[in-house]
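Chemist: The structure's right below; bear with me while I get my questions together.
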Amino acid sequence: MEKVVLKAPDGPPSDVERIKQESNYLRGTLKETMEDRITAGIPEDDNRLMKFHGSYLQDDRDLRAERQKQKLEPAYQFMIRVRTPGGVATPEQWLAMDELARTYANGTLKLTTRQAFQFHGVLKWNMKKTLQAINDALFTTLAACGDVNRNVMCNPNPYQSEVHAEVYEWAKMLSDHLLPRTRAYYEIWLDEEKVAGTPEVEEEPIYGPLYLPRKFKIGIAVPPSNDVDVFSQDLGFIAIVEHGKLVGFNVAIGGGMGMTHGDRTTYPQLAKVIGFCKPEQVIDVAEKVVTIQRDYGNRSVRKHARFKYTIDRLGLEAIKAELERRLGWELEEARPYHFEHNGDRYGWVEGVNGTWHFTLFVEGGRVKDTDGYPLMTGLREIAKVHKGDFRLTANQNLVIANVPSEQKAEIDALIKQYGLTDGKRYSALRRNSLACVALPTCGLAMAEAERYLPKLLDKIEEIVEENGLRDEEITIRMTGCPNGCARHVLAEIAFIGKSVGKYNMYLGAAFDGSRLGKLYRENIGEEEILAELRVLLSRYAKERLDGEHFGDFVIRAGIVKEVTDGTNFHE
Amino acid sequence: MQFQVTNSPFSEQQVELLNRLWPTLTPAQKLWLSGYLAATETVGAAVQQEAPVSKEVTILYGSQTGNAQKLAEKTGEMLKSRGFQATVSSMLDFKPNELKKIDTLLIVVSTYGEGEPPDNALSFYEFLHSKRAPKLNHLRFSVLALGDTSYEHFCKTGKDFDKRLEELGGKRLYERIDCDVDYEEAAAKWLNGVLSELDKQGAVSVVAPQPTQAQPTALYSRKHPFEAEVLENINLNGRGSNKETRHIELSLEGSGLTFEPGDALGIFPKNDPELVDLIIQEMRWDPETPVSVDQEEEPLREALLSRLEITVLTEQLLQQLAEFSKNRDFHALLSAEQEAKRKDYIKGRDVLDVLREFGPWEMTPGQFISSLRKLQPRFYSIASSLLAYPEEVHITVGAVRYEAHGRLRKGVCSTFCAERLHIGDKLSVFVHQNPNFKLPKDSNTPIIMVGPGTGVAPFRSFLQEREAIGAKGKSWLFFGDQHFVTDFLYQTEWQTWLKNGVLTKMDVAFSRDTKEKVYVQHRMLEQSKELFRWLEEGAAVYVCGDKQRMARDVHQTLIHIIEKEGNMSSEQAEAYVADMQKQKRYQRDVY
Numbered sequence: 001m002e003k004v005v006l007k008a009p010d011g012p013p014s015d016v017e018r019i020k021q022e023s024n025y026l027r028g029t030l031k032e033t034m035e036d037r038i039t040a041g042i043p044e045d046d047n048r049l050m051k052f053h054g055s056y057l058q059d060d061r062d063l064r065a066e067r068q069k070q071k072l073e074p075a076y077q078f079m080i081r082v083r084t085p086g087g088v089a090t091p092e093q094w095l096a097m098d099e100l101a102r103t104y105a106n107g108t109l110k111l112t113t114r115q116a117f118q119f120h121g122v123l124k125w126n127m128k129k130t131l132q133a134i135n136d137a138l139f140t141t142l143a144a145c146g147d148v149n150r151n152v153m154c155n156p157n158p159y160q161s162e163v164h165a166e167v168y169e170w171a172k173m174l175s176d177h178l179l180p181r182t183r184a185y186y187e188i189w190l191d192e193e194k195v196a197g198t199p200e201v202e203e204e205p206i207y208g209p210l211y212l213p214r215k216f217k218i219g220i221a222v223p224p225s226n227d228v229d230v231f232s233q234d235l236g237f238i239a240i241v242e243h244g245k246l247v248g249f250n251v252a253i254g255g256g257m258g259m260t261h262g263d264r265t266t267y268p269q270l271a272k273v274i275g276f277c278k279p280e281q282v283i284d285v286a287e288k289v290v291t292i293q294r295d296y297g298n299r300s301v302r303k304h305a306r307f308k309y310t311i312d313r314l315g316l317e318a319i320k321a322e323l324e325r326r327l328g329w330e331l332e333e334a335r336p337y338h339f340e341h342n343g344d345r346y347g348w349v350e351g352v353n354g355t356w357h358f359t360l361f362v363e364g365g366r367v368k369d370t371d372g373y374p375l376m377t378g379l380r381e382i383a384k385v386h387k388g389d390f391r392l393t394a395n396q397n398l399v400i401a402n403v404p405s406e407q408k409a410e411i412d413a414l415i416k417q418y419g420l421t422d423g424k425r426y427s428a429l430r431r432n433s434l435a436c437v438a439l440p441t442c443g444l445a446m447a448e449a450e451r452y453l454p455k456l457l458d459k460i461e462e463i464v465e466e467n468g469l470r471d472e473e474i475t476i477r478m479t480g481c482p483n484g485c486a487r488h489v490l491a492e493i494a495f496i497g498k499s500v501g502k503y504n505m506y507l508g509a510a511f512d513g514s515r516l517g518k519l520y521r522e523n524i525g526e527e528e529i530l531a532e533l534r535v536l537l538s539r540y541a542k543e544r545l546d547g548e549h550f551g552d553f554v555i556r557a558g559i560v561k562e563v564t565d566g567t568n569f570h571e
Numbered sequence: 001m002q003f004q005v006t007n008s009p010f011s012e013q014q015v016e017l018l019n020r021l022w023p024t025l026t027p028a029q030k031l032w033l034s035g036y037l038a039a040t041e042t043v044g045a046a047v048q049q050e051a052p053v054s055k056e057v058t059i060l061y062g063s064q065t066g067n068a069q070k071l072a073e074k075t076g077e078m079l080k081s082r083g084f085q086a087t088v089s090s091m092l093d094f095k096p097n098e099l100k101k102i103d104t105l106l107i108v109v110s111t112y113g114e115g116e117p118p119d120n121a122l123s124f125y126e127f128l129h130s131k132r133a134p135k136l137n138h139l140r141f142s143v144l145a146l147g148d149t150s151y152e153h154f155c156k157t158g159k160d161f162d163k164r165l166e167e168l169g170g171k172r173l174y175e176r177i178d179c180d181v182d183y184e185e186a187a188a189k190w191l192n193g194v195l196s197e198l199d200k201q202g203a204v205s206v207v208a209p210q211p212t213q214a215q216p217t218a219l220y221s222r223k224h225p226f227e228a229e230v231l232e233n234i235n236l237n238g239r240g241s242n243k244e245t246r247h248i249e250l251s252l253e254g255s256g257l258t259f260e261p262g263d264a265l266g267i268f269p270k271n272d273p274e275l276v277d278l279i280i281q282e283m284r285w286d287p288e289t290p291v292s293v294d295q296e297e298e299p300l301r302e303a304l305l306s307r308l309e310i311t312v313l314t315e316q317l318l319q320q321l322a323e324f325s326k327n328r329d330f331h332a333l334l335s336a337e338q339e340a341k342r343k344d345y346i347k348g349r350d351v352l353d354v355l356r357e358f359g360p361w362e363m364t365p366g367q368f369i370s371s372l373r374k375l376q377p378r379f380y381s382i383a384s385s386l387l388a389y390p391e392e393v394h395i396t397v398g399a400v401r402y403e404a405h406g407r408l409r410k411g412v413c414s415t416f417c418a419e420r421l422h423i424g425d426k427l428s429v430f431v432h433q434n435p436n437f438k439l440p441k442d443s444n445t446p447i448i449m450v451g452p453g454t455g456v457a458p459f460r461s462f463l464q465e466r467e468a469i470g471a472k473g474k475s476w477l478f479f480g481d482q483h484f485v486t487d488f489l490y491q492t493e494w495q496t497w498l499k500n501g502v503l504t505k506m507d508v509a510f511s512r513d514t515k516e517k518v519y520v521q522h523r524m525l526e527q528s529k530e531l532f533r534w535l536e537e538g539a540a541v542y543v544c545g546d547k548q549r550m551a552r553d554v555h556q557t558l559i560h561i562i563e564k565e566g567n568m569s570s571e572q573a574e575a576y577v578a579d580m581q582k583q584k585r586y587q588r589d590v591y
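First to last, the protein sequences are chains S and W.
The first sequence begins at 1 in UniProt numbering and counts up by one.
The second sequence begins at 1 in UniProt numbering and counts up by one.
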């Protein structure tokens, strides 16, 4: 095998590296600062570590200025993310999450774009109780955020249940295998006594004491659905099914959505397929990829620390060679696959094993009761009788899955009783919409997203109706900042927040998630957004080819240039 | 010029003579007289020294807010100026066995809450009511009782002292007078009465008046309040709170008013216009009807808005109003048999309730007005230090609102401040000294402050003061309220003081954040070991806020901690606390 010489970039370690270094395997002073009753917050250093425990400190930004005048500290509260590999939850787990949301959080549950449950508004003194209850429900929050491998995504495909079940098992194994080994989490939150042996002998065999240079994301797609946006992942696996059996996975590396406004050295990138591995090799591949990023990722400049930059700096071939060197074997040639879409299919579908699945449209992934739409109550009532499970989708929707045929009528009656929607009452555009949380809780947000997109959609839908495009599936996504929690530039119409009320608008991404969008207009407000869309959608309605998606149309029509690689995203 | 007993050293008789003489004197005669008097003064003084004064008067006060103390001191001054050897002392500082040695005792005492003696009167009160109290056949005494008719046990402590001194054999020098919150007039009457009795019973010494002490006399007082401009008025409670606590900053520029941490600010509020209008509508009166208050004529509505008390019912008010109604239920309620029912009725009801319930009325606006008490100032612990905010005074006002008897009730002053007081408005204020709530003289003395809710206000003043003078003493604050997120009053200020060391330690209890209600006393108990260590190091303990429950619970907890950590019996612990009180190391400002 060819000898590869790789090198991590020079430069002094970033501040976060220092914090990790001094943290003694993610302990820091969290135990003490969580007990400080004078503030609902924690110091910045501990908050950095907190992320590894699946939570971070936020505040209600709507109230910041007002509270400062009132001589009150910001309305600090914690976000808690529950690691839910593949987004699968039992009805018991659903009920436990539902109750926690109403007891300690803000009364709502957020289904994230990475198939996780998220709580908002948990106060410091309720953190321990909440985390303990989550663990009692057989979930964990460990490594749901932080410079580690996050929740492993996986297609909750209800059409091919047997393959799905197998893929899900691999997702879970990957997730478990890449969990940090530190006992800090158990000591701080679960009252576990310090285990025998001093921290010096504590080991992180995969991560080491500094963990990764940056977050790391893994997702598994089962074609023809690319709902997990496999190319947005640091490490993506594409299930290859032959003759109804899972034969292995294509391996794709180096995806990532994040960038920084105004910094052209940062850019979104799509993962590239580098080969194929058998199912039983998947853990080994993942572990070695992670260690390559551990060793060669940029630990000096955090905005250049994602794996995509490591690959673009060192070269895809060099990384592949290093991976094969570490594996001790070579990847097979990638197998053919075909994606059709990255959105969800709604409503009732029959699975292969006689069970039924109902995909529910959950706008913005927010499960709550509102006037006239008791979504949270309805789902609670369903969970009380449901014999199958729940699956959180990568598009913030929910599948009431594996309903035995004899129970279908009962579940369907509850769905009707509570008016739970498969989204058919909405435009196809809305059904294919995605928004990150943004204001008021996200500290990074520059503009609204989850709270605003539905209102913007009300207005866009008028244009859609005018042009007879109600049932035309177009993906639309909005994020409050360029970090891309809602995988913004993989939507055919994308908005990235610049400042309050102002967005950059991107067009031209592929409907199946295989091509990035391109900047079309910068820093525009609602009026301009609607004016642009009025022209674009009307042209699309008139000029599109048969079966042509909006994202493909805008490129063919020369409205935007095609992005062939993240490195030419800004060109 | 008009001579009065209260503004001169002369007796009633002399005052009368002088008042008759004075207007007849020409300027030349007055001049001659002043020279003559000045020349004879030294002679008189010399003579006096040969004849020792036997007229000793002891004046004891029990005071919570400082009113009784002030009156006692004034009485002392007055007596001294008339040749008496007057000793003024708080009951706490007075040794009870001295009682046997004195022959004239004047008591000025207030009553607190449910008929309880003020903190500094408690031990003397208990002694006098115990079996150890001596026979006092040799004693002549008089009691001035301070109270508030809106409380059930009006002037109870004063009444108790009066009764007990008589039981022990004392002779009443002058009848007890009970003062309502508007005490000035009644107190003057008592003072005159006492003075003239003393004059009658013992010759007035001809000693020359001592020059009256140069008191730092502010131009502005309760009688002449200062119109302070509102600089800031913000709600300290975050959104979603059950409470509304206003932080109000007032300008004292040009007033010459000064105060010390621990003092209070008196505020003259205005009544709720909505309530005033309801009253006028109820009676179908013309709001413009001229009525007279304090010999001044003004429209009815204006008088009700800013001159008269309409939210507090008193027994006396009911009796007066009864003259104007033949309503049987009303008269029945006022009968002796229905005392309990009446007391219950008074609670949480106002004048409008009476007017609505007990008509028909045969009453003119003038008759109504003259039945009402004058609008009283409300007192708030000052929340700032002049060293930190010169020429400003800050207060912390909790808006009182509650539903009772089918109507929303509002605290007069607090909702006035919360709802109708804007930046730039003027507020009538005066400083009310509270000598019984003062930082230790030695700034190295550690202080422990317990102030839940608005009770935390004076401690903001304490810490501002200590920061400004660079005090070295440690400090420890216990604060509590309902919810951390919305009710942590002055949170960022305490946080800053904790960071820069002005505040050494802080413990908080938020009662409604957890299933089990946690209060400040629970936090004290959690830290009992350290708290006792601070006490042993000489720390002074300050408690401010709710009297009914908090102050009592904190008091019990303090004793419990001393018992537990000091290995003492409960009697020893109580003595420990009593001793702290004596050393002024345990001071309370509770209401």
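All C-beta atoms, glycine included, are put in the ideal place defined by N, C-alpha and C.
Find the residues of chain S that neighbour residue 393/W, judging by a C-beta separation of less than 7 Å, and give them in chain order.
Modeler: Walking along the second sequence from the start, residue 393/W turns up at place 393. Going along chain S, no residue has its Cβ under 7 Å from residue 393/W, so there is no contact; the nearest lies around 17 Å.
Chemist: Listed from N- to C-terminal order along the chain, which residues in the stretch 475-487 of chain W have their beta-carbon within a distance smaller than 7 Å of any beta-carbon of chain S?
Modeler: The stretch 475-487 of chain W vs chain S, Cβ under 7 Å: 484 and 485.
Chemist: If you measure from the beta carbon of residue 236/W to each beta carbon in chain S, is any gap under 8 Å?
Modeler: For the purposes of this step, residue 236/W is identified with residue 236 of the second sequence, where counting begins at 1. It does; some Cβ of chain S falls within 8 Å.
Chemist: Starting from the beta carbon of residue 491/W, find every residue of chain S whose beta carbon is closer than 7 Å, and list them in chain order.
Modeler: In the second sequence, residue 491/W corresponds to position 491, counting from 1. The contacting residues are 71, 72 and 73.
Chemist: Taking buried to mean at least 16 other C-beta atoms within 10 Å of its own C-beta, is residue 356/W buried or exposed?
Modeler: For the purposes of this step, residue 356/W is identified with residue 356 of the second sequence, where counting begins at 1. Residue 356/W is exposed by the Cβ-count criterion.
Chemist: Looking at the strands, I want to know which residues DSSP matches up with residue 540/W.
Modeler: Within the second sequence, numbered from 1, the residue matching residue 540/W stands at position 540. For residue 540/W, which the question treats as bridged, DSSP gives the partners 447/W.
Chemist: Quick one: using the 10 Å Cβ neighbour count with 16 as the cut-off for buried, is residue 566/S buried or exposed?
Modeler: Locating residue 566/S in the first sequence gives position 566, counting from the first residue. Result: buried.
Chemist: Once the 5 residues before and after residue 231/S are set aside, which same chain residues still bring their CB inside 7 Å of it?
Modeler: In the first sequence, the residue the question calls residue 231/S occupies position 231. Cβ neighbours of residue 231/S beyond the five flanking positions: 252, 255, 270, 271, 513 and 514.
Chemist: Nearest chain S C-beta to residue 312/W closer than 8 Å, yes or no?
Modeler: The residue labelled residue 312/W in the question sits at position 312 within the second sequence. Closer than 8 Å: no.
Chemist: Tell me whether the stretch 516-532 of chain S and the stretch 487-503 of chain S touch, counting them as touching only if at least three CB pairs, one residue from each stretch, are closer than 8 Å.
Modeler: Output reads yes: the stretch 487-503 of chain S touches the stretch 516-532 of chain S.
Chemist: Report yes if the C-beta distance between residue 149/S and residue 143/S is below 8 Å; otherwise report no.
Modeler: Counted from its first residue, the first sequence places residue 149/S at position 149. Counted from its first residue, the first sequence places residue 143/S at position 143. Result yes, Cβ atoms of residue 149/S and residue 143/S sit closer than 8 Å.
Chemist: Please classify residue 332/W: is it buried, with 16 or more other beta-carbons within 10 angstroms of its beta-carbon, or exposed?
Modeler: As a working mapping, residue 332/W is identified with position 332 in the second sequence. Exposed, by the Cβ-count rule.
Chemist: DSSP three-state label for residue 480/S, please.
Modeler: The residue labelled residue 480/S in the question sits at position 480 within the first sequence. Reduced to three states, the DSSP call for residue 480/S is coil.
Chemist: With residue 367/W as the anchor, note down where its alpha helix (DSSP H) starts and where it stops.
Modeler: The count along the second sequence starts at 1 and reaches residue 367/W at position 367. Start and end: 365-371.
Chemist: Report the residues of the stretch 495-526 of chain W with a CB closer than 8 Å to any CB of chain S, ordered along the chain.
Modeler: Listed by position along the chain: 495, 498, 506, 507, 508, 513 and 514.
Chemist: For the alpha helix (DSSP H) holding residue 157/W, just list the boundary residues, first then last.
Modeler: The residue labelled residue 157/W in the question sits at position 157 within the second sequence. Counting along the chain, the alpha helix (DSSP H) containing residue 157/W begins and ends at 156-167.
Chemist: If I follow the unbroken alpha helix (DSSP H) through residue 339/W, where does it start and stop?
Modeler: The residue you call residue 339/W lines up with position 339 of the second sequence. Counting along the chain, the alpha helix (DSSP H) containing residue 339/W begins and ends at 339-346.
Chemist: Is it buried or exposed for residue 567/W, if we count other Cβ within 10 angstroms and need 16 for buried?
Modeler: As a working mapping, residue 567/W is identified with position 567 in the second sequence. Under this definition residue 567/W is an exposed residue.
Chemist: Any chance the stretch 375-386 of chain W sits against the stretch 186-195 of chain W, with 3 or more Cβ pairs inside 8 Å?
Modeler: No: fewer than three Cβ pairs fall under 8 Å.
Chemist: Measure the CB-CB distance between residue 343/S and residue 191/S and report whether it falls below 8 Å.
Modeler: As a position in the first sequence, residue 343/S is number 343, starting the count at 1. As a position in the first sequence, residue 191/S is number 191, starting the count at 1. No, the pair does not count as a contact, with Cβ atoms beyond the cut-off.
Chemist: With DSSP collapsed to three states, give me the class of residue 392/W.
Modeler: To locate residue 392/W, count along the second sequence from 1; it is residue 392. Reduced to three states, the DSSP call for residue 392/W is strand.
Chemist: Applying the criterion that 16 or more other CB atoms from any shown protein chain within 10 Å of the CB defines a buried residue, is residue 403/S buried or exposed?
Modeler: Along the first sequence, one-based indexing puts residue 403/S at 403. Residue 403/S is buried by the Cβ-count criterion.
Chemist: If you reduce the DSSP assignment to three classes, tell me which class residue 375/S lands in.
Modeler: Mapped onto the first sequence, residue 375/S falls at position 375. DSSP places residue 375/S in helix when its eight states are reduced to three.
Chemist: Using 10 angstroms around the beta-carbon of residue 423/W, count the other beta-carbons present and answer buried if the total reaches 16, otherwise exposed.
Modeler: Taking the second sequence and counting its residues from 1, the one referred to as residue 423/W is at position 423. By the neighbour-count rule (16 or more Cβ atoms within 10 Å), residue 423/W is not buried but exposed.
Chemist: Confirm, please, whether the CB-CB distance from residue 174/S to residue 282/S is below 8 Å.
Modeler: For the purposes of this step, residue 282/S is taken as residue 282 along the first sequence, with counting starting at 1. For the purposes of this step, residue 174/S is taken as residue 174 along the first sequence, with counting starting at 1. Result yes, Cβ atoms of residue 282/S and residue 174/S sit closer than 8 Å.
Chemist: Measuring CB to CB, does residue 234/W end up less than 8 Å from residue 427/W?
Modeler: Here residue 234/W refers to the residue found at position 234 when the second sequence is read from its first residue. Here residue 427/W refers to the residue found at position 427 when the second sequence is read from its first residue. No; because the gap between Cβ atoms is not below 8 Å, this pair is not in contact.
Chemist: Is it right to say residue 294/W is buried, meaning 16 or more other beta carbons lie within 10 angstroms of its own, or is it exposed?
Modeler: Position 294 of the second sequence, counted from the first residue, corresponds to residue 294/W. Per the 10 Å Cβ criterion, exposed.
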